[in-house]
Amino acid sequence: MTTNHTRTVNIPVPDLGDIADAAIIEILVKPGQSVAAEQSLITLESDKASMEVPTPQAGVVRDILVKLGDRVGQGHLILTLEVAVEGAAVAAPAAPATASVPASAPTPSAHTHDAAVPAAQAGGIPAAPIPIPTDTDCDVLVLGGGPGGYSAAFRAADLGLKVILVERYAELGGVCLNVGCIPSKALLHVAAVMDEVKHFDALGVSFGAPSLDLDKLRAHKSGVTGKLTQGLVGMAKMRKVEVVRGYGSLLDAHTLQVELTTGTAQDKSGETRTLKFKRAILAAGSQAVHLPFLPDDPRVVDSTGALQLPHVPKKMLVIGGGIIGLEMGTVYSTLGAQTGTKIDVVEMSDTLMPGADRDLVKVWDKLNAPRFDRVMLGTKTVGAEATPEGIKVTFASAKDGQPAPEPGVYDLVLQAVGRSPNGRKFGGDKAGLNVNERGFVPVDRQMRTNVPSLFAIGDLVGQPMLAHKAVHEGHVAAEVVAGELLGDAKLASASFDAQVIPSVAYTDPEIAWVGLTEEQAKAQGKAITKGLFPWAASGRALANGRSEGFTKLLFDADTGRIVGGGIVGTHAGDLIGEVVLAIEMGADEIDIGKSIHPHPTLGESVGLAAEAAHGSCTDLPPVRKR
0 MTTNHTRTVN IPVPDLGDIA DAAIIEILVK PGQSVAAEQS LITLESDKAS MEVPTPQAGV
60 VRDILVKLGD RVGQGHLILT LEVAVEGAAV AAPAAPATAS VPASAPTPSA HTHDAAVPAA
120 QAGGIPAAPI PIPTDTDCDV LVLGGGPGGY SAAFRAADLG LKVILVERYA ELGGVCLNVG
180 CIPSKALLHV AAVMDEVKHF DALGVSFGAP SLDLDKLRAH KSGVTGKLTQ GLVGMAKMRK
240 VEVVRGYGSL LDAHTLQVEL TTGTAQDKSG ETRTLKFKRA ILAAGSQAVH LPFLPDDPRV
300 VDSTGALQLP HVPKKMLVIG GGIIGLEMGT VYSTLGAQTG TKIDVVEMSD TLMPGADRDL
360 VKVWDKLNAP RFDRVMLGTK TVGAEATPEG IKVTFASAKD GQPAPEPGVY DLVLQAVGRS
420 PNGRKFGGDK AGLNVNERGF VPVDRQMRTN VPSLFAIGDL VGQPMLAHKA VHEGHVAAEV
480 VAGELLGDAK LASASFDAQV IPSVAYTDPE IAWVGLTEEQ AKAQGKAITK GLFPWAASGR
540 ALANGRSEGF TKLLFDADTG RIVGGGIVGT HAGDLIGEVV LAIEMGADEI DIGKSIHPHP
600 TLGESVGLAA EAAHGSCTDL PPVRKR
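Residue numbers for the sequence shown follow numbering that gives the first Met the number 0, so the first one is 0 and each next one is one higher.
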C-alpha cells in the first residue's frame with residue numbers, strides 16, 4: 000500500500016540560452032489546473048526568439064506569480080506547483096525511471112515545447128507503438144522543399160526510407176535559395192565589387208564609371224540560383240525521392256491531399272492527389288509580413304519583389320532596419336549610385352540591426368552613413384497612399400511627445416518588417432495539430448509535435464527563422480523518424496541540442512555574432528572577460544584596404560570558457576564559424592589562443608582576440624598592469 004502526500008515547489012524560468020530578458024505574452028495555465036510533466040506554462044518573446052516554458056514535473060498549479068507583459072529572465076519565479084509525494088508503507092515494485100528536465104535546463108530558443116508531447120518520447124523510441132496505416136504511399140512525407148525540407152527528405156532517404164517531397168513551386172530550395180539568401184548574396188557581391196573599385200584610385204589603379212545592365216544582372220542572379228536548384232533535382236533523383244508539386248493539406252494524421260500546381264509559379268492545375276504516409280515532417284516555412292495600410296501597388300514590394308530588380312528607383316524607402324532591409328538597401332544604394340538614388344530607412348526601435356552589440360553596429364554606421372538620405376530611428380510608418388508621383392508615406396514618432404519626420408514620396412517602398420509562419424495554411428487542425436495563435440507549431444527537442452505521426456521544423460517552429468537552423472532540425476527529424484520506423488534506438492535518440500545559432504548581416508561591412516553578447520551579459524549580471532583585436536593591427540586587413548573592423552570574444556570570467564563573440568568587417572560571416580565551434584566544444588581562451596592560425600589572414604584575428612583576453616597578445620600594446 001502507498002500513502003500519497005503533497006508538497007509545494009517553486010517553478011522558475013529556466014536557462015534560456017542567449018536570451019536574458021523576455022516578455023510574457025501568454026499564460027497557458029490557471030490556478031487549480033492539473034499539468035503534466037513538460038506541459039507549457041507561459042510563452043515568452045524577445046527580440047531574438049519566442050518560446051514556451053515547460054514545467055519540469057507534473058502537479059497542480061497553486062499560485063501564478065507573473066502576469067502578462069512582465070519581463071523575466073533565468074531564475075524568475077513563474078508559479079508554485081503542488082506535487083504528489085508518494086510514501087511506501089508496503090514495499091512496492093520500483094517504477095521505471097523517467098527523465099525530468101531540471102528547472103535550470105536550457106530551453107533552446109529555436110523551439111517551443113508543447114504539453115501534448117509525451118515525455119516518454121523525449122529520449123528514444125516511444126514507449127507504446129504508434130499505429131501505422133497498412134496501405135501507405137511512403138514512409139516519410141515532407142511538406143515543403145526549402146533548406147529544412149529537402150535536407151530532411153534527403154537524410155531520410157539516405158537512411159533507407161521511402162520519401163515523398165511536396166513543394167508547390169517549380170523549383171526546390173524554398174525562399175532561401177530562390178528568392179532570399181542566395182540571390183541576395185549574388186547581388187551583394189556585385190555591389191561589393193562596385194563599391195570596392197571606387198577606392199582604387201588611391202592605390203594607383205583607375206577604373207571607368209560602371210555601366211549597369213539590369214537584364215544581365217538579373218540573368219546572373221538567376222544563373223546562380225538555377226545551378227543550385229538543378230543540383231537539388233539531381234540529388235532528389237539519385238536518392239529516389241519522389242517530388243510532388245502542389246499545395247498540401249492534411250486530411251488526418253496520416254493523409255495529405257495535394258492540389259497540384261503547374262507552370263513557372265504556383266498556378267493550380269485543378270487536379271488533386273491524395274498521399275498516405277507513416278510519418279510526416281512539416282517544413283512549410285514562412286512568408287513576409289505585409290503591413291495592412293500599404294497600398295496594393297507594384298511600387299510596394301517585399302524582399303521577393305525587391306530581388307526581382309524591377310528598376311533602379313530615384314527615391315526608395317526601406318521599412319525595417321533589420322538585416323533584410325539593410326542588405327537590400329545596400330544593393331539599391333550601390334546600383335543607383337550613378338543616377339543619384341536616395342534611400343530612406345525607417346525603424347521603430349532606437350537602433351538598426353537589433354540583436355548585435357552596439358560597438359559592432361557603430362562600425363557599420365560610420366561606413367554606411369553616406370548611403371542613406373534619412374535614417375529615422377524610433378519612428379513608425381503610419382500611412383501610405385498611392386499617387387501618380389509615387390507612394391506617399393507618413394510617419395509618427397514611436398515615443399510620445401517627439402516630433403515626427405516629414406512625409407516622403409517614393410517610387411519604391413520595401414517592407415522588411417519580419418516574417419510570419421505558415422502554421423495555419425496546411426489543415427493541421429484536421430489532424431489535431433497544435434498551432435499557437437501566431438501560427439507557430441510547438442515541438443520538443445526531437446521536433447515532435449503533439450501528434451505522434453507529425454514532426455515540424457524550420458520557420459514553423461519558431462525563431463530564429465534561419466536556413467542553417469532549419470537544416471539541422473531537418474536532420475534531427477529524419478533521424479528520429481528513421482529510428483522509429485527501423486527500430487534503431489541510436490537514431491531515435493537524436494535531438495536538437497545546439498548551444499548557439501549564429502546570425503550574420505551580409506552588409507558591407509558584414510556583421511556576425513553568436514552566443515552571449517556584451518549587452519546580454521550585463522543584463523544577466525554575468526562576469527565576462529573580453530578579448531578584442533582591432534583589424535587596424537591586422538596585416539591582412541591593412542593589405543586589403545579594409546581595416547575598419549574588429550574581432551571580439553567573450554569568456555566566462557570564472558571558467559575561462561568562451562560564451563560569445565562578434566565580428567565586424569569583410570567576410571565576418573565566414574569567420575564566425577570558428578567561434579561557433581569553439582563554443583560548442585567548450586574551448587577556453589588558451590585553447591583558441593594557442594591554436595596556430597595561418598598568417599596573414601583575417602581568421603587569425605580570432606586567435607589574437609583570445610590572446611588579448613588572456614593578456615598574452617604581442618600584436619597589441621602591452622596590457623597595463625594594475
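Ideal Cβ positions, reconstructed from N, Cα and C, are used throughout, including at glycine. In this text the structure is predicted, and so the values were computed from the model without any measurement.
- Under the DSSP assignment, Q523 falls in the alpha helix (DSSP H) whose first and last residues are 517–523.
- Per the Cβ contact rule, the region 556–571 is in contact with the region 346–364 (3 or more Cβ pairs under 8 Å).
- Going by DSSP, W512 is part of the beta strand (DSSP E) stretching over 509–514.
- In the three-state reduction of the DSSP assignment, S396 falls in the strand class, which pools E and B.
- For Y149, the enclosing alpha helix (DSSP H) stretches over residues 146–157.
- In this structure, DSSP gives V416 a state outside helix and strand, which the three-state scheme calls coil.
- Under the three-state reduction of DSSP, D212 is assigned to coil, being neither helix nor strand.
- According to the DSSP assignment, R357 belongs to the alpha helix (DSSP H) that extends over 357–367.
- Under the three-state reduction of DSSP, A466 is assigned to helix.
- Annotation: T79 to N421 spans about 35 Å, alpha carbon to alpha carbon.
- In the displayed model, N177 falls within a helix according to three-state DSSP.
- Around the beta carbon of T263, a 10 Å sphere encloses fewer than 16 other beta carbons of the protein chains shown; the residue is thus reported as exposed.
- With a threshold of 16 other beta carbon atoms within 10 Å, A201 falls short and is exposed.
- The straight-line gap separating the alpha-carbon atoms of D157 and L164 is approximately 14 Å.
- Taking a cut-off of 8 Å on C-beta distances, the region 492–512 touches the region 459–473, as three or more cross pairs fall below it.
- For the pair of segments examined, the region 465–483 was found to touch the region 269–282: the number of CB pairs separated by less than 8 Å reaches three.
- Contact between L176 and T228 holds, since their C-beta atoms are separated by about 6 Å, short of 8 Å.
- For M352, there is no enclosing alpha helix (DSSP H), since its DSSP letter is neither H nor E.
- Remark: three or more beta-carbon pairs, one from each stretch, lie closer than 8 Å, so the region 332–342 and the region 303–322 are flagged as touching.
- Between F549 and A612 the beta-carbon gap is near 13 Å, outside 8 Å, which marks them as no contact.
- Of the candidates V562, R545, Y505, G585, the residue whose Cα lies closest to the Cα of A190 is Y505.
- DSSP places T228 within a helical segment (H, G or I) once states are collapsed to three.
- Beta bridge pairing from DSSP links V317 with V344, L413.
- Excluding the 5 residues flanking it on each side, G585 has same chain C-beta neighbours closer than 6 Å at R560, in chain order.
- In the DSSP assignment, K267 falls within the unbroken beta strand (DSSP E) covering 266–281.
- Taking every protein chain shown into account, the CB of L67 has fewer than 16 other CB atoms within 10 angstroms, so this residue is exposed.
- Looking at the DSSP output, T550 sits in a beta bridge with F532, I566.
- Counting C-beta atoms within 10 angstroms of its own C-beta, L413 has 16 or more neighbours from the protein chains shown and is therefore classed as buried.
- It is roughly 43 Å from the alpha-carbon of P30 to the alpha-carbon of I323.
- Under the DSSP assignment, L574 falls in the alpha helix (DSSP H) whose first and last residues are 571–584.
- As the crow flies, the alpha-carbon of S594 is around 10 Å from that of A609.
- With a minimum length of 4 residues, the unbroken runs of alpha helix (DSSP H) contained wholly in the region 429–502 fall at 466–485, 488–491.
- The three-state secondary structure of S302, taken from DSSP, is helix.
- When secondary structure is reduced to three states using DSSP, P402 falls in the coil class, being assigned neither helix nor strand.
- Here the alpha carbons of K365 and V578 stand approximately 25 Å from one another.
- Counting C-beta pairs closer than 8 Å gives fewer than three between the region 168–186 and the region 202–211, which falls short of the contact rule.
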